[in-house]
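Taking the working numbering, the leading residue of the sequence shown gets 4, the next gets one more, and so forth.
For each residue, glycine too, the CB sits at the ideal point set by N, CA and C.
As the structure is a prediction and not an experimental result, all values here were calculated from the model.
Note sheet for the following structure.
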Amino acid sequence: MQPVLSDMLYAESAFDSAPWEAPLSVAERRHLLLQYGAQSSAYFSFQSGVQFFGSAQHGFVSYCPLDRWKGGVDVVFNNPVCADQNLTWLLNRFLASRERPAVFVGIESKVAEALAQQGYVVNEMGVEFSFSLQDFCVRGKHKKQLRHAANLGARHELRVEERRASQVDAEEVEAISQRWLRQKAVKRSELRLLTRPPQRQDEWLTRRFYCFQGERLLGYIYFDPYFSQGAVTGYCANILRCLPGVGPAGLLDYTMLQAIEQFRREGVLRLSLGIAPLHNLQEIAGESLLLRRLGQWLYRNGSGLYAFAPLAYHKTRYRGEERKWYLAYKDLSPPRLLWSLMAGTGVLGR
Numbered sequence: 004m005q006p007v008l009s010d011m012l013y014a015e016s017a018f019d020s021a022p023w024e025a026p027l028s029v030a031e032r033r034h035l036l037l038q039y040g041a042q043s044s045a046y047f048s049f050q051s052g053v054q055f056f057g058s059a060q061h062g063f064v065s066y067c068p069l070d071r072w073k074g075g076v077d078v079v080f081n082n083p084v085c086a087d088q089n090l091t092w093l094l095n096r097f098l099a100s101r102e103r104p105a106v107f108v109g110i111e112s113k114v115a116e117a118l119a120q121q122g123y124v125v126n127e128m129g130v131e132f133s134f135s136l137q138d139f140c141v142r143g144k145h146k147k148q149l150r151h152a153a154n155l156g157a158r159h160e161l162r163v164e165e166r167r168a169s170q171v172d173a174e175e176v177e178a179i180s181q182r183w184l185r186q187k188a189v190k191r192s193e194l195r196l197l198t199r200p201p202q203r204q205d206e207w208l209t210r211r212f213y214c215f216q217g218e219r220l221l222g223y224i225y226f227d228p229y230f231s232q233g234a235v236t237g238y239c240a241n242i243l244r245c246l247p248g249v250g251p252a253g254l255l256d257y258t259m260l261q262a263i264e265q266f267r268r269e270g271v272l273r274l275s276l277g278i279a280p281l282h283n284l285q286e287i288a289g290e291s292l293l294l295r296r297l298g299q300w301l302y303r304n305g306s307g308l309y310a311f312a313p314l315a316y317h318k319t320r321y322r323g324e325e326r327k328w329y330l331a332y333k334d335l336s337p338p339r340l341l342w343s344l345m346a347g348t349g350v351l352g353r
């Protein structure tokens, strides 16, 4: 399997000319992301409907206006992209510019701590799973399923190829996506904000791996990059889809393992499996007890809305490092907050 690394892969995408980009240009946002986009979800800023606050000198905050409630809320869904020394200043300027409540979700501890100092209530919201690519292996009793998946290629004549979007049948890809979505709890639309909806066209620095049996496409994984000091340091497995009931069990794990080997050969440092929302919510100082209890109840009983527990189980099988992510809010009741977040991410439809 050969890497696809040419400049042609990283073509401009549809969002590049969207009117909501002002005042930061695409080039300015990309430059800031390359320097400071170290969070595995940093690239999620590149999706439709997102607005930006900041400057080329100080960094930016990505947020999505949500108007379902009277007065609306602005949902910030990842860390501000900026140098650490600019974080508090940028947050203060952003908050001072708001005319309605701002909710922060999917943020790391440094952002949560800065917001707590501004009077925000902070709760755990889930766990992000990631691991070092150089240290990763499938040995050990807890990785039996991954070892099984690693051998699927020879047993079932599978092959994984990295390709540009233009090198695969777009209708075939979309058909897999639609069949995949129909088996999920959220069938009405693509999820967003805490993930990034798939795009049909090639995108800057993203990677796409496709699994074939013969000439038939069975599944694929799309990876979004994250960065430090001008270089890609890791990839987040953002979109994972396969034909339900077709091909061997573990097909997506096989595809993932093949991509891991490619990234490892390139010297990429880390891979993130993304966040498992509401997983392992624990008490923290200054939290909302009601919000934590609501989140724990949803995790146990909300499978009709979203597969919270099965998603977490899948990620734990890789035995990666677990890092808590947080949400922060004020001037909102916990029920209104949860409703806003589920609506904003697409769990309740759009």
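So what's residue i in DSSP terms, helix, strand or just coil?
i	result
I263	helix
R210	strand
R65	According to the sequence as given, residue 65 is Ser; it is not Arg. If DSSP states are grouped into helix, strand and coil, S65 belongs with the strands.
K146	helix
Q216	strand
L80	Reading the sequence as shown, one finds Phe at residue 80 and not Leu. It is coil, neither helix nor strand.
V29	helix
Y316	helix
P280	strand
I242	strand
K113	helix
Q54	strand
W342	helix
T236	strand
A105	strand
F139	coil
E175	helix
G74	coil
R268	helix
D19	With a pLDDT of 41 at D19, under the threshold of 50, the modelled position of that residue is not reliable, and the figure given next carries that caveat. Note: D19 maps to helix in three-state DSSP.
R185	helix
G129	strand
R47	Residue identity check: residue 47 is Phe in the sequence provided, not Arg. Of the three classes helix, strand and coil, the one that applies to F47 here is helix, per DSSP.
Are there 16 or more other CB atoms within 10 angstroms of the CB of residue i, so buried, or fewer, so exposed?
i	result
L293	exposed
C67	buried
L308	exposed
V108	buried
E286	exposed
R203	exposed
P247	exposed
V249	exposed
L254	buried
Q42	buried
E127	buried
H145	exposed
S343	buried
N95	exposed
P280	buried
E165	buried
Q5	Residue confidence is low: Q5 scores 39 on pLDDT, short of 50, so the model does not pin down where it sits. Its coordinate-derived value is still stated next. Q5 is exposed by the Cβ-count criterion.
A252	exposed
P313	exposed
A117	buried
Please report the residue range of the beta strand (DSSP E) in which residue i lies.
i	result
F226	R219 to S231
L161	L161 to E165
R326	E324 to Y332
Tell me the residue span of the alpha helix (DSSP H) that contains residue i.
i	result
L297	L292 to N304
N95	L90 to A99
Considering only heavy atoms of the ligand COA, does any lie closer than 7 Å to the CB of residue i?
i	result
Q265	Within the structure as shown, the ligand COA is missing, as the structure has no ligands at all.
Please report the Cβ distance between residue i and residue j, rounded to the nearest whole angstrom; I am assuming they are in contact, meaning their Cβ atoms lie under 8 Å.
i	j	result
R167	D205	5 Å
F134	Y321	6 Å
V271	Y225	Not a contact, Cβ separation roughly 16 Å.
L136	I263	6 Å
C214	V163	5 Å
G323	F47	Between F47 and G323 the Cβ distance is about 19 Å, and since that is not below 8 Å, they are no contact.
G347	L196	6 Å
V76	E290	With a Cβ gap of about 20 Å, V76 and E290 do not count as contacting.
N89	G62	6 Å
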